[in-house]
Amino acid sequence: MENNVDLNELWGKQRMNPPQVQEVVSQFSKIKKKNLAKVFAVNGLMLITIIAMVLLWQYVEPRLISTKVGILTMIIAIVGYLFVYNRLIPLLREVDENQSNRAFLEAAVKLKQQQKILQTSMLQLYFIVMTVGLCLCLYEYASLMPSPWSIITYSLTLIWIGFNWVYLRPMVIRREQGKLDGIIKGFESIQQQHEH
Amino acid sequence: MFEEIYKKYWQKIFRLCMGYVNDRSLAKDLAQETFIVVLKKLPEFRNESKIDTWIFRIASNICLRQIERQKRYPKGNFPANLAEDDQASMEPKIKFLYQCISELPEMDRIIISLELEDVKQADIAHIVGLSSSNVRVKIHRIKEKLRIKFRGYGE
């Protein structure tokens, strides 16, 4: 049984040898490099896709306007995705740590909610625009094929799109939303502690 | 300048994080993260607030952000803690205090950690965003809770 325990004294006895300052500095630059590498990877992959589409346009020389519109639509979808990924989402991830806990929690909840809306609508729009673009592109080449082949090509493509639409799209959106919902709920429950 | 701040505040920030998570390895990570933010934001620091209030504010917000980390890397996905260092040899009463604090609601953990770190109550109010009187009441209640727990300790 302890009656006169000095909490301050006990508290101060907890110690850990600090890592070298250089470790913090190098970790800082490592994080920067890692983030940069991730941005490069996503952007690089998307840019390669765009280049492939442009080359396709040059070498295959589509005659129908629908194919050209299709390629442009897909490029717009990718550029739009990159814009949101590079510009808007990082803004929503950054919550300024230099504010009171109360203000920080409010800002965090608000930003996470905005991120949720943005990510969901961006993913929806990306899937829709890509599907439209792909169908438009496919029209010219499928129409040149003998009809059984064009039916098979279109059916396979539509099955793939259907799989994306019915399975992949909701799964990705649900996963992202689930993560953000959990974080929002956690922040809100801490926020409520300010009221009591 | 950064090196001075680092030397002066490392233990304090580590203890604050430790009060929040009661896991030395995780607390070390959170303290490191705090100093990375300090390093990044130091050029923007304008002396509008005291440097210790500023650092504690950053550290406590990083502790609150722990929720995001948990969602990204659920418990159990972390590598086993290889650096348990001197915790085993630590006085049991110290371990008990940190365990009790880490079981409190999140905001109470931050408030009591700052109080035990001898931060003025007016500064604690600025850090957490509550009125001074509210902070005073909370500290009184939390200390009472801790005393009750310690009364049962060792029985």
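Residue numbers (our numbering), protein chains in the order written: chain E, 33 to 228; chain G, 1400 to 1554.
Note that beta-carbon positions come from the ideal geometry of N, C-alpha and C, so glycine has one too.
- Residues of the stretch 1525 to 1544 of chain G with Cβ closer than 8 angstroms to any Cβ of chain E, in chain order: HIS1525, ILE1526, VAL1527, GLY1528, LEU1529 and LYS1542
- Message: Distance cutoff 8 angstroms, beta carbons only. Does E:SER132 sit that close to anything in chain G?
- Response: Translated into the one-based positions of the first sequence, residue 132 of chain E becomes position 100. For E:SER132, the answer is yes, since a Cβ of chain G falls inside 8 angstroms of its Cβ.
- Task: Could you check if G:TYR1472 is buried or exposed, using at least 16 other CB atoms within 10 Å of its CB as the buried criterion?
- Result: Working through the second sequence from its first residue, we reach residue 1472 of chain G at position 73. For G:TYR1472, the predicted structure reports a pLDDT of 49, less than 50, and the residue's modelled location is therefore unreliable. The matter cannot be settled from this model.
- Item | Contacts that E:PHE219 makes with chain G (C-beta to C-beta distance below 8 angstroms) | Here residue 219 of chain E is taken as the residue at index 187 of the first sequence, counted from 1. What E:PHE219 touches in chain G: LEU1463 and ILE1466.
- Message: Against chain G, which members of the stretch 39 to 66 of chain E pass a CB distance test of less than 9 angstroms?
- Response: LEU39, ASN40, LEU42, TRP43, GLY44, LYS45, GLN46, ARG47, MET48, ASN49, PRO50, PRO51, VAL53, GLU55, VAL56, VAL57, GLN59, PHE60 and ILE63
- If we ignore side chains and look at the alpha-carbon of each, how far apart do G:LYS1474 and E:VAL92 end up? Reading the second sequence from its first residue, position 75 is the one you call residue 1474 of chain G. Reading the first sequence from its first residue, position 60 is the one you call residue 92 of chain E. Bear in mind that the predicted position of G:LYS1474 carries a pLDDT of just 47, short of 50, making it unreliable; the figure below should be weighed with that in mind. Whole-angstrom Cα-Cα distance: 52 angstroms.
- Query: How long is the line joining the alpha carbons of E:GLU55 and E:GLN46, rounded to whole angstroms?
  - Reply: Position 23 of the first sequence holds residue 55 of chain E. Position 14 of the first sequence holds residue 46 of chain E. Approximately 22 angstroms, taken between the alpha carbons.
- Round the Cβ separation of G:ILE1512 and G:ARG1414 to the nearest angstrom and send it over; I've been treating them as touching at under 8 angstroms. Taking the first residue of the second sequence as 1, we reach residue 1512 of chain G at position 113. Taking the first residue of the second sequence as 1, we reach residue 1414 of chain G at position 15. Per the sequence shown, the amino acid found at residue 1512 of chain G is Ser instead of Ile. Correct: roughly 7 angstroms between the Cβ atoms.
- Query: Could you check where the alpha helix (DSSP H) with G:HIS1525 kicks off and where it finishes?
  - Reply: Counted from its first residue, the second sequence places residue 1525 of chain G at position 126. Annotation for G:HIS1525: the continuous alpha helix (DSSP H) segment containing it runs 1520 to 1527.
- G:LEU1429 versus E:ALA73: straight-line alpha-carbon distance, rounded: On the second sequence, residue 1429 of chain G is found 30 positions in, with the first residue counted as 1. On the first sequence, residue 73 of chain E is found 41 positions in, with the first residue counted as 1. Going from the Cα of G:LEU1429 to the Cα of E:ALA73 covers about 28 angstroms.
- How would you call G:MET1400, buried or exposed, if buried means at least 16 neighbouring beta carbons within 10 angstroms? If you number the second sequence from 1, residue 1400 of chain G lands on position 1. Residue burial annotation: G:MET1400 is exposed, with fewer than 16 other C-beta atoms found within 10 angstroms of its C-beta.
- Item | Interface flag, E:ILE205 vs chain G, CB-CB below 8 angstroms | Indexing the first sequence from 1 puts residue 205 of chain E at position 173. Closer than 8 angstroms: no.
- Message: Whole angstroms are fine: how far does the CA of E:ASN130 sit from the CA of E:GLY44?
- Response: As a working mapping, residue 44 of chain E is identified with position 12 in the first sequence. As a working mapping, residue 130 of chain E is identified with position 98 in the first sequence. Straight-line Cα distance between these residues: approximately 25 angstroms.
- Task: Could you say which of E:LEU143, E:LEU168 and E:SER61 lies nearest to E:ILE97 if we only look at CA atoms?
- Result: Along the first sequence, one-based indexing puts residue 97 of chain E at 65. Among E:LEU143, E:LEU168 and E:SER61, the Cα nearest to that of E:ILE97 belongs to E:LEU168.
- Interface residues of chain E facing G:ILE1509 [CB-CB closer than 7 angstroms]: Position 110 of the second sequence, counting from 1, holds the residue named residue 1509 of chain G. Near G:ILE1509 (Cβ distances below 7 angstroms), the residues of chain E are ASN133.
- Query: Would you call the stretch 1526 to 1536 of chain G and the stretch 1498 to 1512 of chain G in contact, with 3 or more CB pairs under 8 angstroms?
  - Reply: The count of Cβ pairs closer than 8 angstroms, one atom from the stretch 1526 to 1536 of chain G and one from the stretch 1498 to 1512 of chain G, reaches three, so the stretches are in contact.
- Task: Under 9 angstroms between beta-carbons, which chain G residues line up against E:PHE136? List them in chain order, please.
- Result: As a position in the first sequence, residue 136 of chain E is number 104, starting the count at 1. The answer, in chain order, is ARG1456, SER1459, ASN1460, LEU1463, ARG1464 and GLY1528.
- Query: Secondary structure at G:PRO1473, three-state DSSP: helix, strand or coil?
  - Reply: The count along the second sequence starts at 1 and reaches residue 1473 of chain G at position 74. With a pLDDT of 47 at G:PRO1473, under the threshold of 50, the predicted position of this residue should be treated as unreliable, though the coordinate-derived value follows. Correct three-state label for G:PRO1473: coil.
- Message: Using the three-state DSSP reduction, which class does G:GLN1465 fall into: helix, strand or coil?
- Response: Within the second sequence, the letter at position 66 stands for residue 1465 of chain G. Correct three-state label for G:GLN1465: helix.
- Message: For G:VAL1420, report the span of its alpha helix (DSSP H) as first-last.
- Response: Taking the first residue of the second sequence as 1, we reach residue 1420 of chain G at position 21. Residues 1401 to 1420.
- Task: Leaving aside the five residues before and after E:LEU200 along the sequence, list all residues of the same chain whose C-beta is less than 6 angstroms from its C-beta, in chain order.
- Result: If you number the first sequence from 1, residue 200 of chain E lands on position 168. Correct list: empty, nothing qualifies.
- Query: What in chain G is Cβ-close to E:GLN225, meaning under 8 angstroms?
  - Reply: As a working note, residue 225 of chain E is residue 193 in the first sequence. Going along chain G in sequence order, the residues near E:GLN225 (Cβ under 8 angstroms) are PRO1504, GLU1505, MET1506 and ASP1507.
- Item | Alpha-carbon to alpha-carbon, E:ALA109 and G:ASP1522 | Within the second sequence, residue 1522 of chain G is the residue found at index 123, counting from 1. Within the first sequence, residue 109 of chain E is the residue found at index 77, counting from 1. Near 50 angstroms, if we compare the C-alpha coordinates of E:ALA109 and G:ASP1522.
- Query: When DSSP labels each residue in this structure, what does E:MET203 get in the three-state scheme?
  - Reply: Counting from one through the first sequence, the residue named residue 203 of chain E turns up at place 171. Reduced to three states, the DSSP call for E:MET203 is helix.
- Span of the alpha helix (DSSP H), counted from its first residue to its last, around E:TRP197: Along the first sequence, read from residue 1 onward, the residue named residue 197 of chain E stands at position 165. No alpha helix (DSSP H) contains E:TRP197, which DSSP labels as neither H nor E.
- Item | G:ASP1422 CB to nearest heavy atom of the ligand PLP below 7 angstroms | The model depicted lacks the ligand PLP and carries no ligand whatsoever.
- Query: Name the residues in the stretch 1415 to 1429 of chain G whose C-beta lies less than 9 angstroms from a C-beta of chain E; which are they?
  - Reply: MET1417, GLY1418, ARG1423, ALA1426 and LYS1427
- Item | the stretch 1452 to 1470 of chain G in contact with the stretch 1429 to 1438 of chain G per 3-pair CB rule at 8 angstroms | yes
- Query: Terminal residues of the continuous alpha helix (DSSP H) containing G:PHE1495?
  - Reply: In the second sequence, the residue the question calls residue 1495 of chain G occupies position 96. Segment 1491 to 1501, the alpha helix (DSSP H) holding G:PHE1495.
- Query: Since G:ILE1435 meets chain E, which of its residues come closer than 8 angstroms, beta carbon to beta carbon?
  - Reply: Start at 1 with the first residue of the second sequence, and residue 1435 of chain G comes out as number 36. Chain E residues near G:ILE1435: VAL56, GLN59, PHE60 and ILE63.
- Task: Compute the Euclidean distance between the alpha carbons of E:ILE83 and G:GLU1505, then round it to the nearest angstrom.
- Result: Residue mapping note: residue 83 of chain E aligns to position 51 of the first sequence, counting from 1. Residue mapping note: residue 1505 of chain G aligns to position 106 of the second sequence, counting from 1. In a straight line, the C-alpha of E:ILE83 is about 50 angstroms away from that of G:GLU1505.
- Query: What first and last residue would you give for the alpha helix (DSSP H) that runs through G:HIS1539?
  - Reply: Locating residue 1539 of chain G in the second sequence gives position 140, counting from the first residue. G:HIS1539 -> alpha helix (DSSP H) spans 1531 to 1551.
- Please report how far the alpha carbon of G:GLU1403 lies from the alpha carbon of G:LEU1438, in whole angstroms. Within the second sequence, residue 1403 of chain G is the residue found at index 4, counting from 1. Within the second sequence, residue 1438 of chain G is the residue found at index 39, counting from 1. Taking the straight line joining both Cα atoms gives about 12 angstroms.
- Task: Give every residue of the same chain whose Cβ lies closer than 8 angstroms to the Cβ of G:LEU1503, excluding the five residues on either side of it in the sequence, and list them in chain order.
- Result: Along the second sequence, read from residue 1 onward, the residue named residue 1503 of chain G stands at position 104. Apart from sequence neighbours up to five positions away, the residues of its chain that approach G:LEU1503 with a beta-carbon distance below 8 angstroms are ILE1511, ILE1541 and LYS1544, ordered along the chain.
- Task: Take G:ILE1500 and list the residues in its own chain whose beta-carbon comes closer than 7 angstroms to its own, dropping the five residues that flank it on each side.
- Result: In the second sequence, counting from the first residue as 1, residue 1500 of chain G sits at position 101. Contacts found: GLY1418, ARG1508, ILE1511 and SER1512.
- Message: Below 8 angstroms on the Cβ atoms is my contact criterion, and I expect E:PHE219 with G:ASN1460 to pass it. Report the Cβ-Cβ distance as a whole number of Å.
- Response: Walking along the first sequence from the start, residue 219 of chain E turns up at place 187. Walking along the second sequence from the start, residue 1460 of chain G turns up at place 61. With a Cβ gap of about 11 angstroms, E:PHE219 and G:ASN1460 do not count as contacting.
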